[in-house]
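Heads up: the sequence lines are chains A and B, in that order.
Residue numbering for the first sequence follows my numbering, beginning at 163 and increasing consecutively.
Residue numbering for the second sequence follows my numbering, beginning at 6 and increasing consecutively.
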Amino acid sequence: MYVAVKGGERAIENAHRLLAHERRGDRDVPELTLAQISEQLSLGVDRVMTEGSLYDRELAALAIKQARGDLIEAIFLVRAFRATLPRFGATEPVDTGAMQVRRRVSSTFKDIPGGQILGPTFDYTHRLLDPQLAEGFAPEAPATGETSTGATPRVTDILGRDGLIEPSPVADADAPVGDLTREPLNFPADRDLRLQNLARADEGFLLALGYSSQRGYGRNHPFAGEIRFGEVEVEFMAEDAGFAVPLGSVALTECQMVNQFKGSATEAPCFTRGYGLAFGQSERKTMSMALVDRSLRARELGEEVIAPGQDEEFVMSHSDNVQATGFVEHLKLPHYVDFQSELGLLRKLRKEFAEANEAPPMQEAAE
Amino acid sequence: MALRYEVVYYHRQLESGKVDVMTGNESLADESGGQARRKAVMAVLAHSATADIEGRLGTIALPAHEDLREPENGLVMVRGRVGGDGAPFNLGEATVSRAAVRLSTGEVGFGYTLGRDREKARLIALCDAMVQSAELAGAIETQVVAPLRAAMVERRNRKAVEAAATRVDFYTLVRGEG
Chain A
163 MYVAVKGGER AIENAHRLLA HERRGDRDVP ELTLAQISEQ LSLGVDRVMT
213 EGSLYDRELA ALAIKQARGD LIEAIFLVRA FRATLPRFGA TEPVDTGAMQ
263 VRRRVSSTFK DIPGGQILGP TFDYTHRLLD PQLAEGFAPE APATGETSTG
313 ATPRVTDILG RDGLIEPSPV ADADAPVGDL TREPLNFPAD RDLRLQNLAR
363 ADEGFLLALG YSSQRGYGRN HPFAGEIRFG EVEVEFMAED AGFAVPLGSV
413 ALTECQMVNQ FKGSATEAPC FTRGYGLAFG QSERKTMSMA LVDRSLRARE
463 LGEEVIAPGQ DEEFVMSHSD NVQATGFVEH LKLPHYVDFQ SELGLLRKLR
513 KEFAEANEAP PMQEAAE
Chain B
6 MALRYEVVYY HRQLESGKVD VMTGNESLAD ESGGQARRKA VMAVLAHSAT
56 ADIEGRLGTI ALPAHEDLRE PENGLVMVRG RVGGDGAPFN LGEATVSRAA
106 VRLSTGEVGF GYTLGRDREK ARLIALCDAM VQSAELAGAI ETQVVAPLRA
156 AMVERRNRKA VEAAATRVDF YTLVRGEG
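Written out as structure tokens, the structure reads:
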């Protein structure tokens, strides 16, 4: 039970004023601009867009600034902003195969058409703090190389040609695409809803679940078939224009996990897959998402559900960090009346306990 | 209105492969060619900065026009596909702006773009209307779209060559005496 508590207005107002002051920090230090956040803390912006479930770099940068760098608070702000705008509709599904690739690696095939493109990555860095960055640092211009004219097909498409990997589930033209922002979740949930949930899910939560599945909590022995990052064109079927209009492009990261064989008396064994997709350059997120997507397919693939990462109700009910933080953090709000009633009950119980123990033993024996 | 729905239906049939562009109804095929041209222009403009579009439009005489739909902000739900090529799912929303402009000569243009820049949507709508006018289409293409397209291609190429420099060239080490 929540009870309105009055009387703290002035304290609240002054607390917010103090917050604004602390957020600004030392006024001798130049104030951060949104462009600086968007350009130089770009992976934080990508995370806020992904989990805030809203592609808008400038708004995500504003949220990060307002939240003093607390990304979950920033995600909360972005989610709240979403509710202020009308939705015009849904885009045509994006074609990640036609991505303008900035990074693309496969751990399964060395020689893939289009090649292994490392792009801007922390991989193979030494993870040593760089004192140069502390002093203002102008990096060299990036090297340039010869572009190949060939396509960069998805690795799973290559495997799919030989039937070595299961095909993606085909679209059912009659079934509407599930949207958990419009209808409440019901279990069991279909894969479209699961993927939407995972796309918005807390990266840390998915990372831990994915890690647990690798360590043996649920059977999951994948290869990173492919990870790609780059720009993808977005089109929207505009009813007024009468055709699908181009909206521009969004940066996306996609991860295709290739998992263990599955076969039966009627089906030849083939690789199975888990899928991850997120806004921006969000590699850890998409890899974790693909691991959990695959482990959540346990029921569909006839695997025994024994681990948290395979339990869709557990995963989907606890993956959203805005919901989670709301419930955890509400504990710090006033619960004075709740607590008074608990206190009253406890005092009564203790009194009864004391009385029972104070009673003379002889009397008990006489009974 | 009737034509619009016909076009939508036709477009969907095209997408689903039920109608072949070559064998379709002649007038609708023309319409489809016009649409392809309009889409190509919209794509370039959506990828360009508002100031650049504005600057380019400043070099030509603009026809009389009015807002048919006031520029507005909204959201679209961005969809992906399971496995990249399978059934669609909802990935997350994106901010968009849209507008509609009508020339005094009757052409109606639509502007859509990612982001919250309403002026950009209005400029795209204006260009889309002008592209549909036989007298204005040429100027829009040469003075506005062509230079913006060149700049867009240049930006893409720069990103492509930067990425290409990080392509791994595997080689095999020869060990021992072979």
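Backbone N, C-alpha and C define an ideal beta-carbon position, used for all residues, glycine too.
Since this is a predicted model, take the numbers as computed values, not measurements.
| query | result |
| --- | --- |
| Limits of the unbroken alpha helix (DSSP H) element including P152/B | A151 to A169 |
| Residues within the region 399-415 of chain A neighbouring chain B, beta-carbon criterion of under 9 Å | M399, A400, E401, D402, A403, G404, F405, A406, V407, P408, L409, G410, S411, V412 and L414 |
| 9 Å Cβ cutoff, E445/A in contact with chain B | no |
| Nearest candidate by alpha-carbon position, reference A370/A, set R289/A, G471/A and R390/A | G471/A |
| Residues of the region 180-204 of chain A with Cβ closer than 8 Å to any Cβ of chain B, in chain order | none |
| Three-way DSSP call (helix, strand, coil) for F501/A in this model | helix |
| Whole runs of the beta strand (DSSP E) within the region 351-415 of chain A, excluding any shorter than 3 residues | 385-400 |
| Contact set for G378/A: own chain, Cβ-Cβ below 7 Å, skip 5 residues either direction | none |
| Interface positions of the region 61-87 of chain B facing chain A (Cβ-Cβ less than 7 Å), listed along the chain | N78, G79, L80, V81, M82, V83, R84, G85, R86 and V87 |
| Distance between P496/A and R316/A (C-alpha atoms, nearest Å) | 53 Å |
| Run of the alpha helix (DSSP H) containing V113/B, from where it starts to where it stops | That residue, V113/B, is in no alpha helix (DSSP H); its beta strand (DSSP E) goes V113 to L119. |
| Extent of the continuous beta strand (DSSP E) run through S457/A | S457/A -> not in any beta strand (DSSP E); alpha helix (DSSP H) instead, spanning E445 to S457. |
| Chain B contacts from the region 328-352 of chain A (Cβ-Cβ distance under 7 Å) | S330, P331, V332, A333, D334, V339 and D341 |
| H70/B burial status per 10 Å Cβ neighbour count (16 or more: buried) | buried |
| Cβ-Cβ distance between F489/A and L80/B below 9 Å | no |
| Below-9 Å beta-carbon distance, L108/B vs any chain A residue | no |
| H479/A, enclosing alpha helix (DSSP H) - first and last residue | The residue you asked about is not His; residue 479/A is Ser in the sequence shown. Taken as a continuous stretch (DSSP letters only), the alpha helix (DSSP H) holding S479/A covers E474 to H480. |
| Selected residue, minimal CA-CA separation from Q485/A, among N359/A, M449/A and Q422/A | N359/A |
| Enclosing beta strand (DSSP E) for F349/A [first to last residue] | Run containing F349/A: none; DSSP gives neither H nor E here. |
| Cβ pair count under 8 Å reaching 3, the region 299-314 of chain A against the region 165-183 of chain B | yes |
| Start-to-end residues for the alpha helix (DSSP H) that takes in S200/A | L196 to Q202 |
| Identified DSSP bridge partners for I279/A | R266/A and R172/B |
| Alpha-carbon to alpha-carbon, R185/A and T314/A | 45 Å |
| Touch test, the region 388-405 of chain A against the region 258-272 of chain A, Cβ-Cβ under 8 Å, three pairs minimum | yes |
| Reduced DSSP category for S37/B - H, G, I as helix; E, B as strand; rest coil | helix |
| Counted within 10 angstroms of its Cβ, other Cβ atoms place D188/A as buried (16 or more) or exposed | exposed |
| C-alpha distance - M27/B paired with I145/B, whole-angstrom precision | Legend: pLDDT at M27/B = 39, less than 50; position of this residue unreliable, no value from coordinates given. |
| CA-to-CA distance, L507/A to E520/A, given in whole angstroms | 20 Å |
| Sequence-distant residues of the same chain with beta carbon closer than 7 Å to G312/A, five excluded per side | P275 and G276 |
| Of the listed residues G97/B, P68/B, S37/B and D90/B, nearest to D341/A (C-alpha basis) | G97/B |
| N-terminal and C-terminal residue of the beta strand (DSSP E) that F284/A is part of | That residue, F284/A, is in no beta strand (DSSP E); it is neither H nor E in DSSP. |
| Contact set between Y176/B and chain A, taken where Cβ atoms lie within less than 7 Å | Under the 7 Å cutoff, chain A gives no residues; its nearest Cβ is about 11 Å from Y176/B. |
| Given 8 Å, three or more beta-carbon pairs between the region 49-67 of chain B and the region 409-425 of chain A | yes |
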